[in-house]
Amino acid sequence: MAGAIIENMSTKKLCIVGGILLVFQVIAFLVGGLIAPSPTTAVPYMSVKCIDVRKNHHKTKWLMPWGPNHCEKLKDFDEAVSRQIEANDIVFAVHIPLPSKEMSPWFQFMLFIMQLDIAFKMDNDLKENAEITLDVSLAYRDDMFDDWKEIAHAMEIRKLKCTFGSPKTLESEGRHYDCDFLPFMEIGSVAHKYYLLNIRLPVNERKGINVGIGEIKDIRLVGIHQNGGFTKVWFAMKTFLTPSILIIMIWYWRRITLMTRAPVLLEKVIFALGISMTFINIPVEWFSIGFDWTWMLLFGDIRQGIFYAMLLSFWIIFCGEHMMDQNERNRLSGYWKQVGPIAVGSFCLFIFDMCERGVQLKNPFYSIWTTEVGTELAMAFIIVAGICLCLYFLFLCFMVFQVFRNISGKQSSLPAMSKARRLHYEGLIFRFKFLMLITLACAAMTVIFFIVSQVTEGHWKWGDITIQVNSAFFTGIYGMWNLYVFALMFLYAPSHKNYGEDQSNGDLGMNSGEELQLTTTITHVDGPTEVYKLARKEAQE
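Basically our numbering = 1-based index in the sequence shown + 354.
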């Protein structure tokens, strides 16, 4: 009778926990799909050709493409030739944003890519493997009547990758090459209302600078920034999830410290995973609204890297600790072969990020992909990280296979075991299968929503309802991994409840003050975990 009551209570608890987590997961997707706008916006900009005939160009005022103090403009380069204006005296000016608009700190970042309109001319053809040298300057101001203040100035080189679809004959003159987009600029904050770009193409035939690059007609830019509405929804989610994970983390560790034994390795790793999730959740981005923190993109990459490294380490240790007959459990040093590739891969990606976004803190026009040495270095880091990731998954698949092989062997011999030993293995088997199912579901949802967000137009429209797929992907997957960590700490927290001598200790031949511990490494002292309490149906039969 008592066993049946416990069975019903356990099943009911498990259903309630699963239902609550499912509800929050659905809400996370709906928040992004129905409330938040698209995560980013792309704005095209056409540069204006300005004339700057003063000798020392860099000590003159900034050239504005429009407004009351706009520069003297050129319609095209034919006009420049007729007026005998040299290429070094032409400046391509771009004002950000477009007229009658303002930038906002809620946009979080600005990413710009460049497209060159290059026309074919018999006497000025585009050479193979041509490189273009850009003399670029960036300035800002917060009032339309303030003076421009310089943010950065650099000389940058970009490789041109262009194709020409027609025969290079006189009849084809004037037709444009099909050129790849070029990385141009990235800034990790949008702290000011107005920005101004002045781009020069200095020509020096003696040094071979900007020679053999074809006839450049125009420079186009595409600016990408985060939508302010999405930023507010994202900040709100972080603000809500931070105390949620923090509270369950404190509760979880308090449960462990109340034990008469020391924490086991798996419990420590779950706690570390909770810390890394909290590190991501802490909404320090709120400060970027009032401060010009250009390092926020790099900081975000580091936070995500720490979490992913901990998540991958947890999966390895979780499988290893469920090798039920393994003798070298509960020691981190026993996993150096599996955790080593994670550390090496994470370090390579960190170095790559520092070489890219770290340098961009000083020079927003820098890109590691613009030089041969930089490209080879970047590819080397990425390849090493990819090899480490492959090794990791080989180790993980092998360990999962070993665990399932052990499970199959133990399940066939469970009926012949003593009740204490049977309870121990039933708890291990249930917990492993339960978490494997949740992990596979989370990984599958991440992959599925990523693919859907890439192949769709960005939103679905059903009648009067518009669902932003990309926003739903970000908020839903972010909420899902928070729920995953939350469930781990709840279900793997040790229990301090006594189930009574008749049901727990009496049948096991243990003292009344002792309970069976169904962690992966300790088989005595203190109570079973929450997972086992919820799954006690099999144990009570």
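We treat Cβ as the ideally placed atom computed from N, Cα and C, and that holds for glycine.
Based on the DSSP secondary-structure assignment, which residues constitute the bridge partners of Ile-696? Ile-696 is not bridged to any residue.
Which residues in the same chain have their Cβ closer than 7 angstroms to the Cβ of Pro-393, if we skip the five residues on either side of it in sequence? Gln-580, Asn-581, Phe-584, Asn-824, Ser-825, Phe-828
In the DSSP assignment, find the unbroken alpha helix (DSSP H) run with Val-757 in it and report its ends. 726-767
On the DSSP letters alone, give me the boundaries of the alpha helix (DSSP H) that Pro-597 sits inside. 582-611
Answer yes or no: do Ala-484 and Ile-567 have a C-beta to C-beta separation smaller than 7 angstroms? yes
Any idea which residues DSSP pairs Arg-512 with across the strands? Ile-486
Going by Cα to Cα distance, which pick from Glu-440, Leu-731, Phe-645, Phe-463 is closest to Glu-559? Glu-440
How is Pro-398 classed by DSSP in three states: helix, strand or coil? strand
For the candidate residues Cys-709, Asn-760, Leu-465, Val-839, whose alpha-carbon lies nearest to that of Ala-734? Cys-709
Do Tyr-399 and Val-445 come within 7 angstroms of each other at the CB atom, strictly closer than that value? no
The segment 523-535 touching the segment 700-718, judged by at least three CB pairs closer than 8 angstroms: no
Among Gly-421, Asp-443, Val-839, which residue has its Cα nearest to the Cα of Met-498? Gly-421
What three-state label does DSSP hand Asn-852 in the structure shown? Reliability fails at Asn-852, whose pLDDT of 47 lies under 50, so the model's placement of it is uncertain and the value that follows must be treated cautiously. Reduced to three states, the DSSP call for Asn-852 is coil.
Select from Trp-588, Met-834, Met-843 the residue whose C-alpha is nearest the C-alpha of Gly-386. Trp-588
Just tell me which of Val-618, Met-790, Tyr-606, Leu-595 has its CA closest to the CA of Ile-636. Leu-595
Helix, strand or coil for Val-371? Go by DSSP, reduced to three states. helix
Using 7 angstroms as the threshold, is the C-beta distance between Ile-912 and Phe-383 below it? What the structure shows of the chain is the stretch from 355 to 895, and residue 912 is not part of that stretch, so it cannot be assessed.
Ala-841 and Tyr-606 closer than 7 angstroms at C-beta: no
Cβ contact check for the segment 688-704 and the segment 666-677: 3 or more pairs under 8 angstroms: yes
Residue span of the beta strand (DSSP E) that contains Leu-465, given as start and end: 464-473
Quick check on Gly-577: buried or exposed, where buried means 16 or more other Cβ atoms within 10 Å of its Cβ? buried
Going by CA-CA distance only, name the one from Leu-465, Met-418, Val-407 that's closest to Ala-434. Val-407
Span separating the alpha-carbon of Trp-460 from that of Ile-450: 15 angstroms
Could you please give me the residues that DSSP links to Ser-687 through a beta bridge? DSSP, once it has assigned bridges, lists no residue as partnering Ser-687.
As assigned by DSSP and simplified to three states, the class of Glu-527: coil
Could you check what DSSP says for Asp-443 in three-state terms: helix, strand or coil? helix
Alpha carbon of Met-753 to alpha carbon of Phe-661, nearest angstrom: 22 angstroms
Any idea what DSSP makes of Phe-461, helix, strand or coil? helix
Give me whichever residues DSSP pairs with Met-552 in a beta bridge. Sequence inspection shows Asn at residue 552; the Met mentioned does not correspond to that position. DSSP output for Asn-552 lists Ala-447, Ser-491 as bridge partner(s).
beta-carbon Leu-731 near the ligand FAD non-hydrogen atom, thresh 6 angstroms: The ligand FAD is not part of this structure, which contains no ligands at all.
Nearest candidate by alpha-carbon position, reference Ile-536, set Val-623, Gly-763, Ile-511, Cys-742: The question names Ile, yet the displayed sequence has Leu at residue 536. Measuring from the Cα of Leu-536, the nearest candidate turns out to be Ile-511.
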